[in-house]
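Residue numbers (my numbering): 348 to 526.
Beta carbons are placed, not taken as given, at the ideal position from N, Cα and C, and that holds for glycine.
Since this is a predicted model, take the numbers as computed values, not measurements.
Data first, discussion second: the structure below is written as structure tokens.
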Amino acid sequence: EAVAAIQLIRVRLGDMEDAASAFYAEVSSCRLCEATAARASDFISKALLLAREVDSLCASVRNLIDGISEEEQAQQAVWETKLILRRLESAALVCKNFSEWEERRASVFWLEKHSLEKGGFYPVFYETPLDTAPLIYANLFEPVPTVICTSATLTAGGKKSGSPFSFWLGRSGARFADA
């Protein structure tokens, strides 16, 4: 059953790569937006099918892991499998998010074409938030009690608004932190 699921994922991945190649055609990168949405529809539907298959496989593997003893779960192979599952689930999430790009206006979505050494190309998917301040705050300033930031450019762009650090404080997420 697992072998069949993996083979189906390979087929779905190939279908999605073919659709991605048609989406970005002769350019090296292409952003997903209103102007490219019609061209991207086949790629998006294939990416969503791939995400569903990956999620299904991951759920099956997690069920297997949950069914083994705690002692066996401490083995290195199980930990490595859990890490692989997290990476697969993250990749599936990006595929799903591409299908919801119109609802996710706080992010930019695009594909890049990367070359293989032996010829040919493969797509790389990107989802990037437009405002990184909340992420930086949540992952740096909130959990770490003391953060020291140094740079020659901390005051760049801030002099117009009164405080020389206002631009940096807003972009870095530090504005949310307690002083």
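{"query": "Between which residues of its own chain and E474 is the CB-CB distance below 6 Å, once the five residues before and five after are set aside?", "result": "V441, N444, S454, F456"}
{"query": "Would you report the Cα separation of I431 and A424, rounded to the nearest angstrom?", "result": "10 Å"}
{"query": "Leaving out the 5 sequence neighbours to the left and right, which residues in its chain are closer than 6 Å to R378 when beta-carbon positions are compared?", "result": "W457"}
{"query": "What span of residues does the alpha helix (DSSP H) with Y371 cover, start to end?", "result": "349-371"}
{"query": "Keeping to the same chain, check which residues put their C-beta closer than 7 Å to that of P476; ignore five residues upstream and five downstream.", "result": "A453, S454, L482"}
{"query": "Less than 8 Å between the beta carbons of L397 and R359, yes or no?", "result": "yes"}
{"query": "Taking its Cβ as the centre, do 16 or more other Cβ atoms sit within 10 Å of K429, making it buried, or is it exposed?", "result": "exposed"}
{"query": "Between E489 and the rest of its own chain, which residues show a CB-CB distance below 6 Å, the 5 nearest in sequence each way excluded?", "result": "none"}
{"query": "Exposed or buried, what is W426 when buried is set at 16 or more other beta-carbons lying within 10 Å of its beta-carbon?", "result": "exposed"}
{"query": "Within its chain, find whatever has a CB closer than 7 Å to the CB of F468; leave out the 5 residues flanking it on each side and keep chain order.", "result": "S368, K460, H461, S462"}
{"query": "What's the gap between the Cα of R357 and the Cα of V408?", "result": "17 Å"}
{"query": "To the nearest angstrom, report how far apart L487 and V471 are at their CA atoms.", "result": "27 Å"}
{"query": "Spatial neighbours of R451 within its chain, please: C-beta separation below 7 Å, excluding the five flanking residues on both sides.", "result": "N444"}
{"query": "In whole angstroms, what is the alpha-carbon distance linking R434 and A499?", "result": "36 Å"}
{"query": "Once DSSP output is grouped into helix, strand and coil, what is the label at L463?", "result": "coil"}
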